[in-house]
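Novice:
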Amino acid sequence: MVDSFKLRLNSLDPTFIFSVVFTILLSVGITWLMISYLFSEIIQGILYPYSIYPIIVSSTAEILMIPGSIVLWLGSFIGVFDILSKLFKKPIYEKVKMKLGQAVGVMLVVSIVTLITNYVTWQIAARANGYTQCATGSKLLVGSKTSSVWSKEEYLCYDYDVDRLLPTGTHEQVLAVAEYLKKD
Numbered sequence: 026m027v028d029s030f031k032l033r034l035n036s037l038d039p040t041f042i043f044s045v046v047f048t049i050l051l052s053v054g055i056t057w058l059m060i061s062y063l064f065s066e067i068i069q070g071i072l073y074p075y076s077i078y079p080i081i082v083s084s085t086a087e088i089l090m091i092p093g094s095i096v097l098w099l100g101s102f103i104g105v106f107d108i109l110s111k112l113f114k115k116p117i118y119e120k121v122k123m124k125l126g127q128a129v130g131v132m133l134v135v136s137i138v139t140l141i142t143n144y145v146t147w148q149i150a151a152r153a154n155g156y157t158q159c160a161t162g163s164k165l166l167v168g169s170k171t172s173s174v175w176s177k178e179e180y181l182c183y184d185y186d187v188d189r190l191l192p193t194g195t196h197e198q199v200l201a202v203a204e205y206l207k208k209d
């Protein structure tokens, strides 16, 4: 029994083990980043259409961070259960691995549905609250493929000072634009 366990332990691919450990560390890092910073950005982004800010930013990528991090954690667990399955040869590890694989598929579907639902409802809410999307020829967030700027006043889309205050579209920058426009 001990010899066969040693053989199974020695037969594990070190690169795969390193990949699993790296994925777990990456999952921890992304979770920490989301809790400390991105979660509030995501919530602010969802609530923007209902705000009173003169300029708001729609970011399609941020809404995928939560399901994306869940998929990353599930992938980490699949790797752990794969190692456990190879070491201990218990059928329960294979069953758990299969269920986790199914959960990844479900989360990918949830991600797509979330992305489409957020995109459609966000735009409807923004228009209903007096915002219009800045045209592609505007100055704001030029080159961004995942973010768009919405404004209550069209002239703000072409304002150089607003462009200077809103280089990447973070919530702090949206607040800075609102504060700047209050002073005028």
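Per this note's numbering, residue 26 is the first one in the sequence shown, and the count goes up by one each step.
Heads up, the beta-carbon is just placed ideally off N, CA and C, and yes, glycines get one too.
Treat the numbers as computed from the prediction; the structure is a model and nothing was measured.
Per DSSP, W175 forms a beta bridge with which residues?
Specialist: I81 and Q158
Novice: Measuring straight from C-alpha to C-alpha, what distance separates I60 and S29?
Specialist: 43 Å
Novice: What residue from L165, V145, M132 and S101 has the CA that sits closest to T48's CA?
Specialist: When only C-alpha atoms are compared, the closest one is S101.
Novice: Could you tell me whether the region 135 to 145 touches the region 38 to 55, where touching means 3 or more Cβ pairs closer than 8 Å?
Specialist: no
Novice: Could you please give the first and the last residue of the uninterrupted alpha helix (DSSP H) stretch that includes M59?
Specialist: Taken as a continuous stretch (DSSP letters only), M59 belongs to no alpha helix (DSSP H), as it is neither H nor E.
Novice: Return helix, strand or coil for A86, following the three-state DSSP convention.
Specialist: coil
Novice: Does DSSP put S76 in a helix, a strand or coil?
Specialist: Coil at S76, not helix or strand.
Novice: Can you tell me whether DSSP reads P192 as helix, strand or coil?
Specialist: coil
Novice: Measure how close the beta-carbons of Q198 and L191 come, nearest whole angstrom, since I'm counting them as under 8 Å.
Specialist: 5 Å
Novice: Check this for me: beta carbons of L32 and L112, under 8 Å apart or not?
Specialist: Not closer than 8 Å, so no.
Novice: So C182 packs on K164, CB below 8 Å; how close in whole Å?
Specialist: 7 Å
Novice: Beta-carbon of K120 versus every beta-carbon of chain C: anything under 8 Å?
Specialist: Among the chains of the structure shown, chain C does not appear; only one protein chain is present.
Novice: Between which residues of its own chain and G155 is the CB-CB distance below 8 Å, once the five residues before and five after are set aside?
Specialist: K177
Novice: What is the rounded straight-line gap between the Cα of E119 and the Cα of I91?
Specialist: A direct Cα-to-Cα measurement between E119 and I91 gives close to 26 Å.
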